[in-house]
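K.L.:
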């Protein structure tokens, strides 16, 4: 078999050669087995014994199980396809595995996408339908092995024991000692199973009729490394897979897939003010992080959108007039306890861990309930909820021994009606999540996904995040459940929107790679602007590169204490990695939540400056102004930069490297003399004035603060600095004083030549006196390097 780029030899059911036509090199590992298709029966894996070829079909024999599988094949210019056409077996097959295919390539492992690369050649596997799962069935719940920062005790950043590891999400491609393996599989789901699932020790997985292993289909390809993304795009089109675009260009190749966006929880009343912020920031997307009063039916918060879906639709129309697109946040199949799926009559399709039966009749008030089987009820969950007919009940605990009793039950929970129930009634233990929400079975997942699609289609929203996508593990189908959810959404979208809604999720997936536009992981809630999940964000950039995905840096929170320097630190990283980001800000904090006609002019000057800087950097980045040779420096989180617009020219900028030296020290209270500290700096640039920012972090005021070089050049701050005060000098004619939220509180005229520094090593002395006790001081010194002229490409 062959494509335009590879020759493939299959003998007796094994891949013997996958040869690059150009170089003649065979990339199948010589001392490893590469079965075209292996099977699992009774928990054991069996490999092919023989194979017959009839035209484009192969009959593969597995003698030990009395199994014959007919596989159809097809040769295309870009790829080969293999599909299971029929199965005859003396034993029921649990699953089939495509591969594993052993290759000698191990330099770059695309664990999610299923592509391995070296500098010259790439080999890949692609699942061609939803039930063919990327990877190898390491667990019965089909949840792909992956790293999650939320599996740690602290969410601040990657734990120390993982610092040297690569982030992985899946095993469709997996590195090995000899190179790598490529693999996919399909499970027979025709029977109910009891398995460990997600965080549950025992979980009931209902039978699911999807045709079983018949129809499972993959693509196999090889090409030069430079062509790999183009080949995958061609496979999507040829095989009818999702092929999302942005303004007519495939999203995986579109620079616009990395567009930054503003998160602000706008309303019908303040949409104009929110859009004004977006335009000032030079962005094109406005995103709402929490528009819904419930998840499941997705009714909007009436205080924000009194006209419901129509109100949101009007916001989308208003934004379109400003060339801004609107997005929103969901929690996928999470169902809040105030949703109509829960109250007043609970939906029978809420996901169940499993069920038993009432051991005796109960009335509508008793709080101890006897049940037949305790297995699903022993494991405590967030809500500890059971469903009996139309009543939800929460219980405190279960008895330690038979007769099994649910103790201290709260009847008629979450607004349902307490009622009597007869002996033998089914008692279902509901699955839930730590967010204190319920989850869904497969049918309800599909319905909720389609409702999200209806919301997109009705309102015209063109950006979404499927946060909590792992909630679909409640279906018992693992990654398959996630895929069915996103594909139900994708297929239900109006044709004019399908493939045009930018989307990401809390976790990826091999088949879902074709659905999502990008991922945008990294949260700002756990530490400072520069510290929250920083290493995690950086490691994600390597993951994105390995898996041929657009780069994003995650969410950052623009708070009142965020500095201009913090913003440029982020923007330099964005330019270095060609990565977008989300900038979250609260309209509350800028007096715009009420529909009072307020203006963005009410934002304090610092936030106004940050928004202007975001516009400058993002305009330059999206125009391709940053050359490859400087991007490595821009990726370094320990390096600082400043970007200026060239006056009178709209498409040129000057980029300045910055030397930054930070110190933390203490000044003491001493009635006889001031205390002092000496900082050693190493200015790598030419002689110039020394910029500085001083922050008073302690509880004591500081007086007479003086900053001097040892050649008697100095500046003295004349005013007393209070706890929380900031004094900032940028080489102009004054020191500007701010609160710790960057509200300007005054200034002091100075001569910049009073604080002049030479090139190279030198000492800077800081003296001052704390008023009462010890005062903590944070200071940053800065010098400016020679500019680099940038131009739009």
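Residue numbers (our numbering): 154 to 946.
From the three backbone atoms N, C-alpha and C, an ideal C-beta is built for every residue, glycine too.
#1: Taking Cβ positions, are residue 619 and residue 814 nearer each other than 7 Å?
#2: May I ask which residues mark the beginning and end of the beta strand (DSSP E) holding residue 384?
#3: Suppose the cutoff is 6 Å on Cβ atoms and the five residues either side in sequence are ignored; what does the same chain contact list for residue 828 look like?
#4: Can the beta-carbon of residue 919 be found less than 7 Å from the beta-carbon of residue 830?
#5: Who are the near neighbours of residue 695 in its chain, counting only those whose CB is closer than 8 Å to its CB and skipping five residues on each side?
#6: Following the continuous alpha helix (DSSP H) through residue 424, name the residue where it begins and the one where it ends.
#7: Are residue 162 and residue 253 close, meaning C-beta to C-beta below 7 Å?
#8: As an exercise, report each continuous beta strand (DSSP E) stretch of at least 3 residues that is fully enclosed by the stretch 586 to 637, in chain order.
#9: Check for me: the alpha helix (DSSP H) holding residue 471 runs from which residue to which?
#10: What are the boundary residues of the alpha helix (DSSP H) that residue 561 is part of?
#11: Give the single residue among 877, 803, 856 whose Cα lies nearest to the Cα of residue 942.
#12: What does residue 735 pair with, by DSSP beta-bridge criteria?
#13: What does the Cβ neighbour count give for residue 914, buried or exposed, with the cut at 16 atoms within 10 Å?
#14: Does DSSP classify residue 691 as helix, strand or coil?
#15: Terminal residues of the continuous beta strand (DSSP E) containing residue 372?
#16: Going straight from the alpha carbon of residue 457 to that of residue 464, what length do you get?
#17: Where residue 289 and residue 325 are concerned, what is the direct C-alpha to C-alpha distance, given to the nearest angstrom?
#18: How would you write the range of the alpha helix (DSSP H) that residue 947 sits in, first residue to last?
#19: By DSSP's criteria, residue 830 is part of a beta bridge. Which residues make up the other side?
#20: Near residue 166, what residues of its chain come up, given a Cβ to Cβ distance below 8 Å and the 5 sequence neighbours on each side ignored?
#21: Express the C-alpha separation of residue 645 and residue 339 in angstroms, rounding to a whole number.
#22: Apart from the five residues on each side of it in sequence, which residues of its chain come closer than 6 Å, Cβ to Cβ, to residue 173?
#23: Going by C-alpha distance, which of 782, 877, 735, 731 is nearest residue 436?
#24: Report the three-state DSSP secondary structure of residue 935 (helix, strand or coil).
#25: Output the distance between the C-alpha atoms of residue 938 and residue 684, rounded to the nearest integer angstrom.
#26: Around the C-beta of residue 945, are 16 or more other C-beta atoms found within 10 angstroms, so that it is buried, or is it exposed?
#27: Per DSSP, which residues does residue 169 bridge with? Please list them.
#28: Alpha carbons only, please: which of 560, 543, 545 is nearest the one belonging to residue 520?
#29: Using a 10 Å radius around the Cβ and a threshold of 16 neighbouring Cβ atoms, would you call residue 649 buried or exposed?
#30: Pull up the DSSP beta-bridge partners for residue 332, would you.
#31: Taking 7 Å as the limit between beta carbons, can you name the residues of its chain near residue 362, skipping five residues before and five after?
#32: On a Cα-Cα basis, can you pick out the residue from 420, 558, 896 that is closest to residue 758?
#33: In terms of residue numbering, what span does the beta strand (DSSP E) encompassing residue 798 cover?
P.N.:
Considering the structure as presented:
#1: Position 466 of the chain shown holds residue 619. Position 661 of the chain shown holds residue 814. Cβ atoms of residue 619 and residue 814: not closer than 7 Å.
#2: Along the chain shown, one-based indexing puts residue 384 at 231. Careful: residue 384 lies outside any beta strand (DSSP E), inside the alpha helix (DSSP H) at 381 to 392.
#3: Numbered from 1 along the chain shown, position 675 holds the residue referred to as residue 828. For residue 828, where only same-chain residues beyond five positions count, the Cβ hits under 6 Å are 820, 821.
#4: Within the chain shown, the letter at position 766 stands for residue 919. Within the chain shown, the letter at position 677 stands for residue 830. In this structure, residue 830 lies closer than 7 Å to residue 919 by Cβ.
#5: To locate residue 695, count along the chain shown from 1; it is residue 542. If we look at residue 695 and ignore the five residues flanking it on each side, its Cβ neighbours are 319, 320.
#6: Stepping through the chain shown from its first residue, residue 424 is reached at position 271. Where residue 424 is concerned, the enclosing alpha helix (DSSP H) stretches over 424 to 433.
#7: The sequence position of residue 162 within the chain shown is 9, counting from 1. The sequence position of residue 253 within the chain shown is 100, counting from 1. The answer is no: Cβ separation not under 7 Å.
#8: 616 to 619
#9: One-based indexing of the chain shown puts residue 471 at position 318. Looking at the DSSP string, the run of the alpha helix (DSSP H) that includes residue 471 is 461 to 474.
#10: Locating residue 561 in the chain shown gives position 408, counting from the first residue. That residue, residue 561, is in no alpha helix (DSSP H); it is neither H nor E in DSSP.
#11: Counting from 1 along the chain shown, the entry for residue 942 is found at position 789. It is 803 whose Cα lies nearest to the Cα of residue 942.
#12: Along the chain shown, one-based indexing puts residue 735 at 582. According to DSSP, which records beta bridges pairwise, residue 735 is partnered with 414, 708.
#13: The residue labelled residue 914 in the question sits at position 761 within the chain shown. Classification for residue 914: exposed.
#14: Residue numbering aside, residue 691 sits at position 538 when the chain shown is read from its first letter. DSSP places residue 691 in helix when its eight states are reduced to three.
#15: Numbered from its first residue, the chain shown carries residue 372 at position 219. From DSSP, the beta strand (DSSP E) with residue 372 extends over 370 to 377.
#16: On the chain shown, position 304 is the one that residue 457 refers to. On the chain shown, position 311 is the one that residue 464 refers to. So the two alpha carbons sit approximately 9 Å from each other.
#17: Indexing the chain shown from 1 puts residue 289 at position 136. Indexing the chain shown from 1 puts residue 325 at position 172. Answer to the nearest angstrom: the Cα atoms are 7 Å apart.
#18: Since the first residue shown for the chain is 154 and the last is 946, residue 947 is missing from the structure and cannot be characterised.
#19: Here residue 830 is taken as the residue at index 677 of the chain shown, counted from 1. Beta-bridge pairing links residue 830 to 919.
#20: Within the chain shown, numbered from 1, the residue matching residue 166 stands at position 13. Closer than 8 Å at Cβ, skipping near neighbours: 188, 189, 190, 200, 201, 202, 203, 204, 211, 213, 214.
#21: On the chain shown, residue 339 is found 186 positions in, with the first residue counted as 1. On the chain shown, residue 645 is found 492 positions in, with the first residue counted as 1. Computed Cα separation, rounded: 25 Å.
#22: In the chain shown, residue 173 corresponds to position 20, counting from 1. Contacts found: 274.
#23: Sequence index remark: in the chain shown, residue 436 carries index 283 (1-based). The residue with the shortest Cα to Cα distance from residue 436 is 735.
#24: Counting from 1 along the chain shown, the entry for residue 935 is found at position 782. If DSSP states are grouped into helix, strand and coil, residue 935 belongs with the strands.
#25: Here residue 938 is taken as the residue at index 785 of the chain shown, counted from 1. Here residue 684 is taken as the residue at index 531 of the chain shown, counted from 1. C-alpha separation (whole angstroms): 25 Å.
#26: As a first step, residue 945 is located in the chain shown; it is residue number 792 there, counting from the start. Exposed, by the Cβ-count rule.
#27: Working through the chain shown from its first residue, we reach residue 169 at position 16. For residue 169, which the question treats as bridged, DSSP gives no partner whatsoever.
#28: Here residue 520 refers to the residue found at position 367 of the chain shown. Per the Cα distances, 560.
#29: Taking the chain shown and counting its residues from 1, one reaches residue 649 at position 496. Exposed, by the Cβ-count rule.
#30: Position 179 of the chain shown, counted from the start, is the residue given in the question as residue 332. Per DSSP, 329.
#31: Within the chain shown, residue 362 is the residue found at index 209, counting from 1. So the qualifying residues of the chain are 343.
#32: As a first step, residue 758 must be located in the chain shown, where it is residue number 605. For the residues 420, 558, 896, the minimum Cα distance to residue 758 belongs to 896.
#33: As a position in the chain shown, residue 798 is number 645, starting the count at 1. Element bounds for residue 798: 793 to 798.
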